[in-house]
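Enquirer:
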Amino acid sequence: LEMYLLLSLIVLFGPLTAAIICLDTESGSCCGDLCYTELDSYNGKLEVVKEGCLRGKIFTPHFWNDNSNAYNICGGSDYCNLMPWSAFGDLGKGQGTLTCAGTIKGCFACERKNFNVGEVDSVSGCRSYKSMSIDIVMLPDSCVRFQNSKTEDYVQCVCDSGNNCDKKLMKKQQLQSDAVTCYMGTNGTDTCKGAHCYIHKRNHAIEHRGCITNNEQLLPRLYRSTYFTFEDSEYVVC
């Protein structure tokens, strides 16, 4: 039933429109809507970690660094992810100029999560994309409420507008929506309410499912009904 639902959503949202050919680390080349490259910054030099294709229209071409790895998403021509990374200059040198969470320096962007349940109130620091969860879509400045289980209900903000912008931005968030009721958890035995539902699969197994409520005043249509991929993960938002 899960696979049938996922395939039905893929057909409905039409993600498999292979538009360009990309360099792929594992197979040599692949077809997708956009190309990506993940890079590691070592001694001020960018070194390729992984290359491949993205499917879906939720991403736009851009380059960013999250203090762990640098990423480039490109489109418009075949093999656009085969290019000299020196063209990105200081963006690839592994250190930004922002201070986040009060004392953490050298960030490219700040990230904060405020939890609605559990013993931990909040976590904050430099923005990191390594989890490859549904928040991979978030860009500065945006805030989203995610709920994927009874113990995972939190508001997350990403910003680059100034030092400690994460704390200032989070204070303004009151994110609540009853637009849809969604299943949550890997087994889908519980439900939540939000603006959108989502499923995240990694290596064909469900990692998370739950609810999304975006602050539409900050970054409109950050999440919308679609199917997309990033590295070894698949996502459906509906």
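Going left to right, the sequence shown walks through residues -18 to -1, 1 to 220 as mature numbering (1 follows the signal peptide of the UniProt record, and there is no 0) numbers them.
All residues carry an ideal CB built from backbone N, CA and C; glycine is no exception.
These numbers were taken from a predicted model, which means no experiment stands behind them.
Within 10 angstroms of its Cβ, does threonine 42 collect 16 or more other Cβ (buried), or is it exposed?
Expert: To locate residue 42, count along the sequence shown from 1; it is residue 60. So threonine 42 ends up on the exposed side.
Enquirer: Grouping DSSP H, G and I as helix and E and B as strand, with all else coil, what is methionine 152?
Expert: To locate residue 152, count along the sequence shown from 1; it is residue 170. It is helical.
Enquirer: Give the range of the beta strand (DSSP E) segment to which threonine 134 is assigned.
Expert: On the sequence shown, position 152 is the one that residue 134 refers to. It should be noted that the sequence gives glutamate, not threonine, for residue 134. Here the beta strand (DSSP E) through glutamate 134 covers 134 to 141.
Enquirer: Measuring alpha carbon to alpha carbon, tell me which residue in Gln138, Leu80 and Gly167 is nearest lysine 183.
Expert: Along the sequence shown, one-based indexing puts residue 183 at 201. The shortest Cα separation from lysine 183 among Gln138, Leu80 and Gly167 belongs to Gly167.
Enquirer: Out of curiosity, what's the CA-to-CA distance linking aspartate 172 and aspartate 135?
Expert: As a position in the sequence shown, residue 172 is number 190, starting the count at 1. As a position in the sequence shown, residue 135 is number 153, starting the count at 1. Going by the C-alpha atoms only, they are around 13 Å apart.
Enquirer: First and last residue of the beta strand (DSSP E) that includes arginine 184?
Expert: Residue numbering aside, residue 184 sits at position 202 when the sequence shown is read from its first letter. First-last of the beta strand (DSSP E) with arginine 184: 178 to 184.
Enquirer: Quick check: the Cα distance between isoleucine 55 and cysteine 17, rounded to an integer number of angstroms?
Expert: Stepping through the sequence shown from its first residue, residue 55 is reached at position 73. Stepping through the sequence shown from its first residue, residue 17 is reached at position 35. When rounded, the distance between both Cα atoms is 6 Å.
Enquirer: Can you tell me where the beta strand (DSSP E) holding residue 261 begins and where it ends?
Expert: The requested residue 261 does not occur in the structure, where the chain is confined to residues -18 to 220.
Enquirer: Verify whether the separation of the beta carbon atoms of threonine 208 and isoleucine 2 is less than 8 Å.
Expert: Here residue 208 refers to the residue found at position 226 of the sequence shown. Here residue 2 refers to the residue found at position 20 of the sequence shown. Cβ distance not < 8 Å, so threonine 208 and isoleucine 2 don't count as in contact.
Enquirer: Are the beta-carbon atoms belonging to leucine 5 and asparagine 63 less than 8 Å from one another?
Expert: The residue labelled residue 5 in the question sits at position 23 within the sequence shown. The residue labelled residue 63 in the question sits at position 81 within the sequence shown. For leucine 5 and asparagine 63, yes; Cβs fall inside 8 Å.
Enquirer: CB phenylalanine 90 to CB asparagine 47, shorter than 8 Å?
Expert: On the sequence shown, residue 90 is found 108 positions in, with the first residue counted as 1. On the sequence shown, residue 47 is found 65 positions in, with the first residue counted as 1. Cβ atoms of phenylalanine 90 and asparagine 47: closer than 8 Å.
Enquirer: Once the 5 residues before and after cysteine 174 are set aside, which same chain residues still bring their CB inside 7 Å of it?
Expert: Here residue 174 corresponds to residue number 192 of the sequence shown, with the count starting at 1. Hits under 7 Å: Gln129, Cys164, Met166, Gly192 and Cys193.
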